[in-house]
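Heads up: the structure comes next, in structure tokens.
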Amino acid sequence: MTTSAGTVRLTVGQAVVRFLANQWTERDGERHRLFAGCLGIFGHGNVAGLGQALLQDELADGPDRLPYVLVRNEQAMVHTAVAFARHRDRLTTWACTASVGPGSTNMLTGAALATVNRIPVLLLPSGTFATRVARPVLQEIEMPETGDRTVNDAFRPLSRFFDRVDRPEHLPTALLGAMRVLTDPVQTGAVTIELPQDVQAEAYDWPVDLFAPRTWRVPRPPAEPDLIERAAALIRSARRPLVVAGGGVHYSGAEAALRAFCDATGIPVAETQAGKGALPHGHPQAMGAVGSTGTTAANALARTADLVIGAGTRYSDFTTASRTAFQEAGVRFVNINVARFDAGKLAGLPVVADAHAALTALHEALAGYEVAPEYRVEQAELFRAWDAQVEATYHPSPEVTERLAAGVLTQGAVLGCVNELSDPRDVVVCAAGSMPGDLHKLWRVRDPKGYHVEYGYSCMGYEIPGGLGVRLADPDRDVFVLVGDGSYLMMPTELVTAVQERIKVIVVLVQNHGFGSIGSLSESLGSQRFGTGYRYRDAASGRLDGTRLPVDLAANARSLGATVIEVHDRAGLEQAIKDAKAAPADGGPIVIHVETDPLVHAPGSESWWDVPVSQVSDLDSTRRAYDEYIEKKAAQRALLTPIEEVDG
Numbered sequence: 001m002t003t004s005a006g007t008v009r010l011t012v013g014q015a016v017v018r019f020l021a022n023q024w025t026e027r028d029g030e031r032h033r034l035f036a037g038c039l040g041i042f043g044h045g046n047v048a049g050l051g052q053a054l055l056q057d058e059l060a061d062g063p064d065r066l067p068y069v070l071v072r073n074e075q076a077m078v079h080t081a082v083a084f085a086r087h088r089d090r091l092t093t094w095a096c097t098a099s100v101g102p103g104s105t106n107m108l109t110g111a112a113l114a115t116v117n118r119i120p121v122l123l124l125p126s127g128t129f130a131t132r133v134a135r136p137v138l139q140e141i142e143m144p145e146t147g148d149r150t151v152n153d154a155f156r157p158l159s160r161f162f163d164r165v166d167r168p169e170h171l172p173t174a175l176l177g178a179m180r181v182l183t184d185p186v187q188t189g190a191v192t193i194e195l196p197q198d199v200q201a202e203a204y205d206w207p208v209d210l211f212a213p214r215t216w217r218v219p220r221p222p223a224e225p226d227l228i229e230r231a232a233a234l235i236r237s238a239r240r241p242l243v244v245a246g247g248g249v250h251y252s253g254a255e256a257a258l259r260a261f262c263d264a265t266g267i268p269v270a271e272t273q274a275g276k277g278a279l280p281h282g283h284p285q286a287m288g289a290v291g292s293t294g295t296t297a298a299n300a301l302a303r304t305a306d307l308v309i310g311a312g313t314r315y316s317d318f319t320t321a322s323r324t325a326f327q328e329a330g331v332r333f334v335n336i337n338v339a340r341f342d343a344g345k346l347a348g349l350p351v352v353a354d355a356h357a358a359l360t361a362l363h364e365a366l367a368g369y370e371v372a373p374e375y376r377v378e379q380a381e382l383f384r385a386w387d388a389q390v391e392a393t394y395h396p397s398p399e400v401t402e403r404l405a406a407g408v409l410t411q412g413a414v415l416g417c418v419n420e421l422s423d424p425r426d427v428v429v430c431a432a433g434s435m436p437g438d439l440h441k442l443w444r445v446r447d448p449k450g451y452h453v454e455y456g457y458s459c460m461g462y463e464i465p466g467g468l469g470v471r472l473a474d475p476d477r478d479v480f481v482l483v484g485d486g487s488y489l490m491m492p493t494e495l496v497t498a499v500q501e502r503i504k505v506i507v508v509l510v511q512n513h514g515f516g517s518i519g520s521l522s523e524s525l526g527s528q529r530f531g532t533g534y535r536y537r538d539a540a541s542g543r544l545d546g547t548r549l550p551v552d553l554a555a556n557a558r559s560l561g562a563t564v565i566e567v568h569d570r571a572g573l574e575q576a577i578k579d580a581k582a583a584p585a586d587g588g589p590i591v592i593h594v595e596t597d598p599l600v601h602a603p604g605s606e607s608w609w610d611v612p613v614s615q616v617s618d619l620d621s622t623r624r625a626y627d628e629y630i631e632k633k634a635a636q637r638a639l640l641t642p643i644e645e646v647d648g
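Each residue of the sequence shown is one higher than the last, beginning at 1 in the UniProt record's numbering.
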């Protein structure tokens with residue numbers, strides 16, 4: 001209720017809900033709700049605080065409601081929020097509430113994933129009693145050396161902003177600080193406000209102005225004109241320039257600006273995982289993925305590039321192939337990034353700016369410039385050769401298929417079926433295992449929003465909750481979640497949330513009886529796929545090399561309420577995809593179960609990833625792997641030469 005003094009008496013939990021429901025973002029004149037709602041699981045730490053507040057808000061049924069969705073796993077709900085925010089270009093996200101102790105610490109992995117990927121998500125972990133009346137309470141860790149630390153301090157290194165509300169008076173500054181970071185494209189990531197369980201239920205007279213609608217402008221910082229001039233001069237002086245497009249291209253909505261830039265200049269584009277789809281498949285300058293999981297076309301151009309234009313990329317080790325991708329002796333870097341931290345990497349020219357603004361300015365500064373005709377011809381030839389390999393992977397030859405066991409497909413054929421039978425606007429979601437690398441190389445993106453692979457943290461279990469987030473963000477698109485058995489077993493439970501909310505996601509569950517990606521990596525490092533197969537422990541040898549475990553993942557998915565289609569050949573898979581596409585939008589999740597052979601690989605990238613090998617070993621396989629490692633490591637480059645020295 002509102003008092004005569006212009007205040008309103010609410011609990012802290014009620015104040016949080018009312019505040020979040022009135023936050024907005026704005027970019028380019030368009031307003032968006034900052035919070036689509038609140039995801040959560042209630043326990044004794046939040047049921048009487050935020051839980052009561054969300055119930056009261058739902059029953060009020062006003063225009064500024066904050067919808068609540070019950071989830072099954074706290075880590076998973078953060079993944080759902082992250083996927084939603086990424087698909088909405090970081091302009092809208094969800095809040096996540098959890099109870100004290102394990103409920104809150106379950107969110108830690110999600111927090112790390114959000115911060116690594118620079119995606120905004122608000123975490124509201126519950127704390128034990130601020131008053132310390134009956135310490136220790138259930139699920140409280142006592143620290144002998146201090147009295148003011150809680151398990152939620154573990155969020156501090158994983159969050160871009162952290163605060164603890166020990167008194168109601170702390171809440172306004174905590175909320176405003178959180179909103180500032182969530183809506184800052186440079187600083188954004190996981191934002192954490194710890195709410196002790198007693199404080200959540202405590203009443204306070206709040207100024208009504210705290211709950212007035214607030215609009216947080218998401219800026220498009222332009223580049224300094226002299227930096228654009230220098231960057232343009234560097235490009236004009238280059239013979240073999242290459243753009244590396246990262247996630248910043250998508251987040252700034254710069255796809256059209258990049259396309260116009262490439263149409264005019266003929267500069268080819270290689271894409272990171274987050275940047276894939278910056279140009280559509282088939283564009284003359286689209287060379288596909290770069291780096292450790294890249295195409296041979298993009299990597300061939302990267303090796304000989306004398307100027308690399310990074311657009312919204314943080315240059316992860318997969319992108320740079322552990323700093324072996326760029327081999328030209330005098331290679332220079334121009335780095336367009338909204339964050340100075342990323343713009344300054346690889347000793348490049350730091351063009352600190354929004355990707356859309358900077359690419360538009362560069363396009364204007366390069367009026368009349370084009371790469372040499374023979375460079376365009378080379379791009380076309382390289383990509384044509386790679387695309388032929390993709391086609392052969394999508395449609396394996398009889399020599400390949402005849403070697404497969406009955407009812408087993410290749411992973412490449414599965415990806416090909418989904419790619420070819422899905423609509424151009426459909427979204428593919430993946431995160432960990434061998435499939436992200438295969439998708440990066442093989443997937444033909446036809447829509448800027450059609451590719452969603454979490455590879456900043458590469459978190460097993462992200463796939464199904466991530467697919468749920470994408471579908472919530474964009475219910476007019478079908479979402480195909482591609483997940484291996486290893487990742488599925490980590491976190492299948494959000495299928496129940498999809499059933500509850502009648503959310504259609506199409507899960508293609510690839511069963512290869514183990515950790516396929518790590519199995520291949522283990523073999524390449526001389527560790528003989530040790531501990532990567534799902535097998536019984538053999539009674540005689542004592543090792544995990546017995547017969548396969550009789551795990552029925554199709555039955556598991558069915559038990560969670562999903563519609564399950566089991567397929568045993570390519571024709572069956574094709575029909576299952578068509579049937580899933582035709583299913584009603586409110587029919588809940590559909591799981592297509594298919595077996596693949598983990599020993600049939602996608603075509604190689606002619607690239608490398610630095611994973612150390614044991615320097616000494618009794619195993620011949622490890623000694624051979626170490627010799628190869630030393631040979632590959634010799635190609636690593638520091639890439640530290642100042643751009644001024646190169647300009648000379």
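Positions of the beta carbon are idealized from the N, C-alpha and C atoms, including for glycine.
Source: prediction; values computed, not measured.
- Boundaries around C96 are those of the beta strand (DSSP E), 93 to 98, since no alpha helix (DSSP H) includes it.
- For D163, the enclosing beta strand (DSSP E) starts and ends at 161 to 164.
- For L34, the secondary structure class from DSSP, reduced to helix, strand or coil, is coil.
- For S422, there is no enclosing alpha helix (DSSP H), since its DSSP letter is neither H nor E.
- DSSP places R149 outside both helix and strand once states are collapsed to three, so it counts as coil.
- For E595, the uninterrupted beta strand (DSSP E) run begins and ends at 590 to 596, by DSSP.
- Contact fails between the stretch 47 to 55 and the stretch 235 to 255, because fewer than three Cβ pairs, one in each stretch, are under 8 Å apart.
- Taking a contact as a CB-CB distance under 8 Å, the pair T319 and G291 counts as one, their CB atoms being some 5 Å apart.
- One thing to note: A329 has its Cβ no nearer than 9 Å to the Cβ of I336.
- Excluding residues up to 5 positions away in sequence, W24, T25, E26, R88, L91, T92 lie with their Cβ nearer than 8 Å to the Cβ of H32 in the same chain.
- Under DSSP, C430 forms a beta bridge with V453.
- For L349, the CB contacts under 8 Å within the same chain, skipping 5 residues up- and downstream, are L227, R230, A231, L234, R332, F333, V334, N335, I643 in chain order.
- Apart from sequence neighbours up to five positions away, the residues of its chain that approach L421 with a beta-carbon distance below 8 Å are E574, I577, K578, K581, ordered along the chain.
- Our two residues, D447 and A114, have alpha carbons roughly 24 Å apart in a direct line.
- E58 has its alpha-carbon roughly 27 Å from the corresponding atom of A5.
- Distance from the CA atom of G433 to the CA atom of G461, rounded to whole angstroms, is 10 Å.
- Put simply, of V8, I119, V414 the residue whose alpha carbon is nearest the alpha carbon of Y457 is I119.
- Taking the Cα positions, A367 is about 11 Å away from R236.
- Less than 9 Å divides the Cβ of F155 from the Cβ of A190.
- Within the same chain, and ignoring the five residues on either side of G40 in sequence, the residues whose Cβ sits closer than 6 Å to its Cβ are T97.
- Taking C-alpha positions only, V181 is separated from W216 by approximately 10 Å.
- Non-local beta-carbon contacts of T641 in its own chain, meaning distances under 7 Å to residues more than five positions away in sequence, involve A347 in chain order.
- Assignment of R27 by DSSP, reduced to helix, strand and coil, places it in the strand class.
- According to the DSSP assignment, I141 belongs to no beta strand (DSSP E), since it is labelled neither H nor E.
- R537 is classed as exposed because its beta carbon has fewer than 16 other beta carbons within 10 Å across all chains shown.
- Of all C-beta pairs linking the stretch 613 to 632 to the stretch 516 to 531, three or more are shorter than 8 Å, placing the two stretches in contact.
- Straight-line measurement puts the Cα of Q197 at about 46 Å from the Cα of P612.
- If you check the CB distance, V390 and K441 come in under 9 Å.
- Taking C-beta atoms under 8 Å as the contact rule, N73 and E494 qualify, at a distance of about 7 Å.
- The residues E255, L258, G275, A278, A311, G312, A355, in chain order, have a CB closer than 7 Å to that of V249 in the same chain once the five nearest residues on each side in sequence are set aside.
- For P207, the enclosing beta strand (DSSP E) stretches over residues 203 to 207.
- In this structure T146 does not touch V100 by the C-beta definition: roughly 18 Å separates them, more than the 8 Å allowed.
- For N46, there is no enclosing alpha helix (DSSP H), as DSSP marks it with neither H nor E.
- Annotated three-state conformation of R332 is strand, per DSSP.
- Assigned with DSSP and collapsed to three states, F211 falls in helix.
- With fewer than 16 neighbouring CB atoms inside 10 Å of its own CB, G29 falls in the exposed class.
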